[in-house]
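Report on the following structure.
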Ligand SMILES: NC(=O)c1ccc[n+]([C@@H]2O[C@H](COP(=O)([O-])OP(=O)(O)OC[C@H]3O[C@@H](n4cnc5c(N)ncnc54)[C@H](OP(=O)(O)O)[C@@H]3O)[C@@H](O)[C@H]2O)c1
Ligand SMILES: NC(=O)c1ccc[n+]([C@@H]2O[C@H](COP(=O)([O-])OP(=O)(O)OC[C@H]3O[C@@H](n4cnc5c(N)ncnc54)[C@H](OP(=O)(O)O)[C@@H]3O)[C@@H](O)[C@H]2O)c1
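Residue numbers (UniProt numbering), protein chains in the order written: chain Z, 1 to 430; chain X, 1 to 430.
This is the structure in structure tokens:
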């Protein structure tokens, strides 16, 4: 099926990811031609600063008018690696209107407007692919949408943000505090100057929304994702985790309820056992653990970010979209037929590790235990330690709903004998 | 694109895998319909023993005449889960001739006759999918062929046989010998009555041939794969591995040569460092580590066998093939355009761990070291230990070709002072 007319690709954005996409398109041109069945040609590159020197890019291709580029009408595939909501969103819909298919790495946009973008793609019978939007180089969207298409996914639990994993891994291995580990991540280029999107879990929440949508064939909006950052994880939390044979990871967790009738999606730090495959994911690596009815437990591991890894995922999509175009077909679009309700965080059921600062006097444990019992939260283990009138209680619960746990903690705070709730950490992966 | 005419599926084989395929097709019928865009209907089930009770299967569908079933002409997809070369091969080509696409889990057949089967599929413009043939439930073929289609794969190194991983894991964790661990694997159903295909590496070699072919866009025949079983791995080897901070795994390794101009594929036991992601793959699990130019290091992990996990992979393919049929398209076929030469084992470059039984007298080390030097094999470390006139030398080399190592060992055996070569083990993943 080799044909000679090249497929024309418009590259929107030529930064960390875009420059690598352009580079590989040039250096691997022969391979891409063989795999696609036709040559691919870079037809234009839209950027903000046209005068920047861009190695390997023909200056004649560079434009600041991205809109004109996607409206040209002869573009086969638009690769959107600008990021952010606008102008990316309008450019993508304009691309569909003008006959192009789209490959994007834009998790923020996909999480916020995935449904509308998919609808636009479908209306114009075009492809929208975005493997790079979740977990960088790791093939994940395609395995979930296609390889597991005959299976029923019950749980997706992943480390989907490299910056926070780097920080937590540092804290775990060196005993450093959060700020110290963040400073090192910044110095090494693993954290941005403003790390909010990463450390507050916004980036992971966008990915959780995308993953939950695909896994459960249900639209999951960004607002549906419970989100808690990892800025309050302390060295003391790591010490507690170690005592339990655990480490702490920032996890994105998408779950089907036990009765199958609803789903949840959340991002928060959690303790996981050291023998869980996710526990040994080091540095800025990402990994996603998937549980399904038939396949059982799967894990996908690799670099979650970086120009060249992300470009690998973009190019895999580019090849697929080009092949679809040549074959006159489109790949799988949005699948939201299940339309399951997304339950609030209160309905999530898991285990908890709670550290309390309490008065060091008789009867405190009984008081505390009563509060747990009254809220229907069953205690697995309690550890008391105390000296000099100060004492601490570490409670690990059995599985209970987040709502019940929240009620328990509120009641505990009201006890005279409880001086403070030092930390509450969910325990996952057991 | 919902249409009402159901797609007709012929199931060839209804054993461990086939019965699970049939079960999921029934229990998940609604999901499959939604994901495919049309209902799928089990149109016939070919078996050897028609009178066996098969739960959930309409006896009217059961036949012993698989040939007539694939010749019916109204079959959309043939799912081949009989196994072995014949009649599977003829049934698959007959299926293509009569208008069906094919999903198969048959690694032995794909490794031996993949090129001919792909050619038959292409001739009739049909799909041939076989995700289940390598590493069971783990999405691997699709990520390699599609997600990494824009990247350049340099190395695929995997644990692709669950039986042998179970045995080696047992030996590692309990100190058991090979036979004892094999007996336990057999008792627990992880090893077949005749374990030859697993323990001698035939099963892994078939998978290595398939993986190398896909990864390097080059036909790799089963005969091209160097194969060494794991029946001679001893408790002493595990002790040596531990001393080096390693464990032992049976690995399938497909590599592009450093100059990119040729490839190799091989299966053999090897030491790998404990901190390598493959080292912590326990029990009967499989995992495949992939290194590529742009993506870097990826790993795919999950159950490598079992009826239900394997059925998950078969059904993912079934959904894809059905969708292709409805869309009037076919998925990616064989990609062998690179046609790189497959080099013999002698060209493989790696490190080696060699245990020698030697005479306990002065000058032995110098003699041995001279032999290594004469063959151009550079020594990394040597450890001598001895008592009562018996001594042993453990040599770990730098990277050297297999040919150079073989020459070295031959020469060592001729030395009077070398009483025996207790073991030679490759060291990978550093
Ligand atoms: N970096 C990663 O590791 C990674 C990983 C996964 C996904 N992603 C996603 O990939 C996308 C791109 O990320 P990145 O790291 O490559 O970003 P980046 O380095 O900031 O590059 C953004 C590019 O977009 C261009 N641009 C910005 N506004 C524009 C506009 N209005 N019109 C035309 N061009 C415009 C910029 O032009 P100038 O060059 O002139 O500034 C720059 O070339 C984002 O969606 C991100 O979430 C990134
Ligand atoms: N089992 C696994 O975990 C696994 C994992 C990955 C891949 N695979 C692959 O999947 C395939 C099937 O494996 P399996 O474990 O399911 O094998 P199995 O349990 O032995 O089942 C084989 C089935 O094929 C039928 N059969 C045998 N010869 C036949 C013939 N001439 N005509 C029609 N039907 C015939 C048998 O009929 P009866 O029922 O009447 O005996 C049986 O139903 C093999 O290629 C295997 O390599 C298996």
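Quick reminder that beta carbons are idealized off the backbone N, C-alpha and C, glycines included.
- Sorting X:327, X:404 and X:260 by C-alpha distance to the C-alpha of residue 339 of chain X places X:260 at the top.
- When Cβ-Cβ separations below 8 Å define contact, residue 130 of chain X makes no contact with chain Z.
- Closest in C-alpha terms to residue 238 of chain Z, from the list Z:249, Z:106 and Z:123, comes Z:249.
- With the rule of 3 Cβ pairs closer than 8 Å, the segment 256-272 of chain X does not count as touching the segment 292-308 of chain X.
- Residues of chain Z whose Cβ lies closer than 7 Å to the Cβ of residue 24 of chain X are, in chain order, 150 and 294.
- Linking residue 258 of chain X to residue 407 of chain X through their CA atoms gives a straight-line distance of about 22 Å.
- Remark: C-beta atoms of residue 284 of chain Z and residue 166 of chain Z approach each other more closely than 8 Å.
- Taking a Cβ-Cβ cut-off of 7 Å, the neighbours of residue 146 of chain X in chain Z comprise 142, 316 and 320, given in sequence order.
- Against chain X, a Cβ distance below 7 Å from residue 300 of chain Z picks out 300.
- Between residue 220 of chain Z and residue 209 of chain Z, the beta carbon gap of about 5 Å places them in contact (Cβ cut-off 8 Å).
- Counting only residues of its own chain and dropping the five nearest sequence neighbours on each side, residue 255 of chain Z has a CB closer than 6 Å to the CB of 155 and 264.
- Residues of chain Z with a Cβ closer than 9 Å to the Cβ of residue 32 of chain X are, in chain order, 149 and 150.
- A Cβ-Cβ separation of about 6 Å places residue 70 of chain X in contact with residue 98 of chain X under the 8 Å criterion.
- Inclusion of residue 82 of chain Z in the 7 Å shell around ligand 1 follows from its C-beta lying nearer than that to a non-hydrogen atom of the ligand.
- Taking C-beta atoms as the reference points, residue 315 of chain Z and residue 24 of chain Z count as a pair closer than 8 Å.
- Relative to residue 38 of chain Z, the option among Z:320, Z:379, Z:381 and Z:348 whose CA is nearest is Z:320.
- Secondary structure at residue 25 of chain Z: helix, using DSSP grouped into helix, strand and coil.
- For residue 397 of chain X, the closest alpha carbon among the candidates X:341, X:373, X:330 and X:50 is that of X:373.
- Beta-bridge analysis with DSSP links residue 386 of chain Z to Z:391.
- Contacts with chain X at 8 Å (Cβ-Cβ) do not include residue 420 of chain Z.
- Per DSSP, the beta bridge partners of residue 157 of chain Z are Z:253 and Z:289.
- Annotation for residue 325 of chain X: the continuous alpha helix (DSSP H) segment containing it runs 307-327.
- Distance from the CA of residue 347 of chain X to the CA of residue 217 of chain X, rounded to the nearest whole angstrom, comes to 20 Å.
- At a beta-carbon threshold of 7 Å, the residues of chain Z lying near residue 138 of chain X are 298, ordered along the chain.
- The Cβ atoms of residue 75 of chain X and residue 105 of chain X lie no closer than 8 Å to each other.
- The alpha-carbon of residue 15 of chain Z is positioned some 37 Å away from that of residue 344 of chain Z.
- Placement of the Cβ of residue 158 of chain X at a distance of 7 Å or more from every heavy atom of ligand 2 is found.
- DSSP places residue 17 of chain X in the helix class (H, G or I) of the three-state scheme.
- For residue 148 of chain X, the closest C-alpha among the options Z:92, Z:302 and Z:108 is that of Z:302.
- Here residue 113 of chain X is buried: its Cβ has 16 or more other Cβ atoms, across all protein chains shown, within 10 Å.
- At least one C-beta of chain Z is nearer than 8 Å to the C-beta of residue 312 of chain X.
- Chain order gives the chain X residues near residue 327 of chain Z as 329, where near means a beta carbon separation below 7 Å.
- Within the DSSP bridge table, the entry for residue 357 of chain Z names Z:392 and Z:420 as partners.
- Its chain contains 41, 43, 74, 75 and 76 as the residues whose beta carbon lies nearer than 7 Å to that of residue 8 of chain X, once the 5 sequence neighbours on both sides are disregarded; these appear in chain order.
- Cβ proximity to chain Z below 8 Å picks out nothing from the segment 249-266 of chain X.
- For the pair residue 357 of chain Z and residue 419 of chain Z, the CB atoms are nearer than the 8 Å cut-off.
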